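Below: one structure, written as structure tokens.
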Amino acid sequence: MKKAVCVVLGAVVLAGAIPLAGCAKRETNDTYEISAEYFPETRKLSAQMTFTYFNDTDNAHSELRFQLYPNAYREGASHAPVSELYRPSAYYAGESYGGIEISSVEGAAAWEVCGEDENILSVTLADPVYPDAAVSLSMTFEVTLALVNHRLGVGENAVNLSYFYPVLCAYSDEGWKECVYAAAGDPFACECADYTVELTVPQELTAICGGDAVLAQEGGKKTYTVISENVRDCVFFLGERFSVVKAYAGEVPVEYYYFDDDDPQTALSAAADSLAFFSETFGDYAYPSYKLVQADLCYGGMEYSMIASVSSDLQSDAVVRATVHETAHQWWYAAVGNDQFRHAWMDEGLAEFSCALFFEAYPQYGLSRQELVASAEKAYRSYFSVMQQLHGEADTSMSRPLTDFSGEYEYWNIAYNKGMILFDRLRSSVGEKKFLAGLRGYYDSFCFRMASPEDMIACFSRAGTDTEGFFASFVDGACVI
Ligand SMILES: [Zn+2]
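Below you can see the structure in the form of structure tokens.
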């Protein structure tokens, strides 16, 4: 969507005509203004949202399409958020369901819930919105939370509130990018936007969110107001017994909230050290603060803008690994976005390889780059051999929808392990200097924007390396590892 502008910006920055300014805010961000209240006794969240869309595409639109992620948790969903393997640890109280009910969309000519799995809100506009024009819509909706240790749900210790509102689908030349949910991977493709969110909760709950929230208390209730710019999401963690430890990464405050951790300094140090290292290596952190939250999650961790969660089920060495991985996503998800549904290897492979770089620079954590890459190679080869034995061949292509993966095993080996191997081999083949110049150019050019695989390859080309064939051999699946 912003490709032409970004390429020019990247070229100018690399040519040194202007100083490196770090991440530049987009001139016309969409805005989400949400006012919501959470009722624990019914596990419901009532909300009103005014969404303003700024059309920065080259096309007029008579329809906007939004993702309805909460509907993945409803009974009968065909793309369930949790696989059979993880169901017992996720649904701790047995079967439980959620969903979203839209009750009104003002400012629209018509609207309907549709999509392959009731995952889309289609809004027909009263008049087309032309390039460089804006349109506002006001919606009211109610979300029901399932009892589940997952991104959206009432967990065993706290409540996870992410992707709880209609999220505008990203737009590309091919149209609106729709995602059904997927149990393996992050089924998200969202542009950065500006958010103003008010969340009211009962007095006994504390809400943790990305950025600085202003707290007001009245009538036995707390209202948190948070204003965030250039973020891809808005998430809250609600609990009654969070403790916090604090540190700094340079001048950036880093906080770790937890409810069950005998050694909170370990996770805090990993978060602060890795935030400082990635700032130095890839370019300054794009946001004013960073938080890590211990959460009820059936898998290791989850990244959001300015905040990440790590599962309370993790052992201490796994906490460090997950923390560094999720912190790397502040660069490769929060700042530089990509279509995580169709090109998961871009952000996951980079986050994994960023971990390897971090542990190489911080040997005190007891892990080495060689060890991590060797372990990824071993796991990947084993996956390849198993798939060949089972199916006669292994699909090793990397850019495919999450729903095309047979499950966590295949997804993990392709997006994480093969992704990490890709970037490690790239670094070896072009050399450290050009590799890091390419990555820094990628961060500069696409901060607060979304990048395609071609955009990423172009950044390495501008750093003086012809990598098109290299990427193709990995992504299409031809190369032998
Ligand atoms: Zn990740």
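First residue of the sequence shown: 1121, per the working numbering; consecutive thereafter. Ideal Cβ placement from N, Cα and C applies to all residues, glycine included. Quick caveat, the model's predicted, so the values are computed rather than measured.
Is any heavy atom in ligand 2 found nearer than 6 Å to the beta carbon of residue i?
{"i": "Ala-1309", "result": "Questions concerning ligand 2 fall outside what the structure shown contains, since the ligands it does hold are ligand 1."}
Quick check on the burial criterion: 16 or more other C-beta atoms within 10 angstroms. Buried or exposed for residue i?
{"i": "Ser-1565", "result": "buried"}
{"i": "Tyr-1315", "result": "buried"}
{"i": "Glu-1161", "result": "exposed"}
{"i": "Leu-1335", "result": "exposed"}
{"i": "Arg-1582", "result": "buried"}
{"i": "Ala-1141", "result": "Here the model assigns Ala-1141 a pLDDT of 47, short of 50, so the residue's position is not dependable and the matter cannot be decided."}
{"i": "Leu-1388", "result": "buried"}
{"i": "Thr-1148", "result": "exposed"}
{"i": "Ile-1427", "result": "buried"}
{"i": "Asp-1383", "result": "exposed"}
{"i": "Gln-1450", "result": "buried"}
{"i": "Ile-1240", "result": "buried"}
{"i": "Tyr-1500", "result": "buried"}
{"i": "Asn-1179", "result": "exposed"}
{"i": "Asp-1437", "result": "exposed"}
{"i": "Gln-1460", "result": "buried"}
{"i": "Gln-1323", "result": "exposed"}
{"i": "Lys-1145", "result": "exposed"}
{"i": "Tyr-1407", "result": "buried"}
{"i": "Phe-1159", "result": "exposed"}
Give every residue of the same chain whose Cβ lies closer than 6 Å to the Cβ of residue i, excluding the five residues on either side of it in the sequence, and list them in chain order.
{"i": "Ser-1394", "result": "Val-1444, Thr-1447, Phe-1478"}
{"i": "Glu-1375", "result": "Val-1364, Lys-1366, Lys-1411"}
{"i": "Ser-1409", "result": "Pro-1373"}
{"i": "Ala-1230", "result": "Thr-1244"}
{"i": "Ser-1223", "result": "Thr-1260"}
{"i": "Phe-1525", "result": "Ala-1304, Tyr-1531"}
{"i": "Ile-1328", "result": "Phe-1357, Tyr-1377, Val-1413"}
Give the DSSP bridge partners of residue i, in chain order.
{"i": "Val-1456", "result": "Arg-1569"}
{"i": "Ser-1258", "result": "Thr-1170, Glu-1226"}
{"i": "His-1181", "result": "Val-1249"}
{"i": "Gln-1337", "result": "Lys-1342"}
{"i": "Phe-1159", "result": "Lys-1164"}
{"i": "Phe-1109", "result": "Residue 1109 is absent from the model: the chain starts at 1121 and stops at 1601."}
{"i": "Pro-1322", "result": "Lys-1341"}
{"i": "Val-1263", "result": "Leu-1165, Ile-1220"}
{"i": "Tyr-1211", "result": "Beta-bridge pairing links Tyr-1211 to no other residue."}
{"i": "Leu-1358", "result": "Val-1279, Ala-1327"}
{"i": "Ala-1313", "result": "Asp-1150, Val-1351"}
{"i": "Cys-1234", "result": "Ile-1240"}
{"i": "Val-1274", "result": "Leu-1267, Val-1279"}
{"i": "Trp-1296", "result": "Tyr-1291"}
Can you name, in chain order, every residue of its own chain whose Cβ lies under 7 Å from the Cβ of residue i, other than the five neighbours on each side?
{"i": "Leu-1487", "result": "Phe-1479"}
{"i": "Val-1249", "result": "Tyr-1173, Asn-1175, Ala-1180, His-1181, Val-1255"}
{"i": "Glu-1195", "result": "Tyr-1217"}
{"i": "Ala-1481", "result": "Phe-1397"}
Please report the Cβ distance between residue i and residue j, rounded to the nearest whole angstrom; I am assuming they are in contact, meaning their Cβ atoms lie under 8 Å.
{"i": "Leu-1470", "j": "Phe-1543", "result": "6 Å"}
{"i": "Ser-1256", "j": "Phe-1171", "result": "7 Å"}
{"i": "Ile-1601", "j": "Ile-1541", "result": "6 Å"}
{"i": "Ala-1390", "j": "Val-1440", "result": "5 Å"}
{"i": "Phe-1284", "j": "Leu-1165", "result": "6 Å"}
{"i": "Gly-1359", "j": "Leu-1325", "result": "7 Å"}
{"i": "Val-1321", "j": "Cys-1354", "result": "Between Cys-1354 and Val-1321 the Cβ distance is about 15 Å, and since that is not below 8 Å, they are no contact."}
{"i": "Ala-1302", "j": "Thr-1523", "result": "5 Å"}
{"i": "Val-1456", "j": "Cys-1289", "result": "About 19 Å separates the two Cβ atoms, so there is no contact after all."}
{"i": "Phe-1398", "j": "Ser-1474", "result": "6 Å"}
{"i": "Val-1595", "j": "Ser-1519", "result": "5 Å"}
Ordered along the chain, which non-local residues of its own chain (more than five positions away) have a Cβ less than 8 Å from that of residue i?
{"i": "Ala-1197", "result": "Asn-1191, Asp-1237, Glu-1238, Tyr-1301"}
{"i": "Ala-1228", "result": "Val-1243, Thr-1244, Leu-1245, Ala-1246, Leu-1257"}
> At what residue ranges does the segment 1361 to 1436 contain a whole run of the alpha helix (DSSP H), taking only runs of 4 or more?
Replying inline: 1384 to 1402
> What are the start and end residues of each continuous alpha helix (DSSP H) run of 4 or more residues lying completely inside the segment 1532 to 1580, in chain order?
Replying inline: 1539 to 1550, 1552 to 1566
> Which whole runs of the alpha helix (DSSP H) in the segment 1462 to 1520 are 4 residues long or more, in chain order?
Replying inline: Listed in chain order, they are 1464 to 1481, 1489 to 1511.
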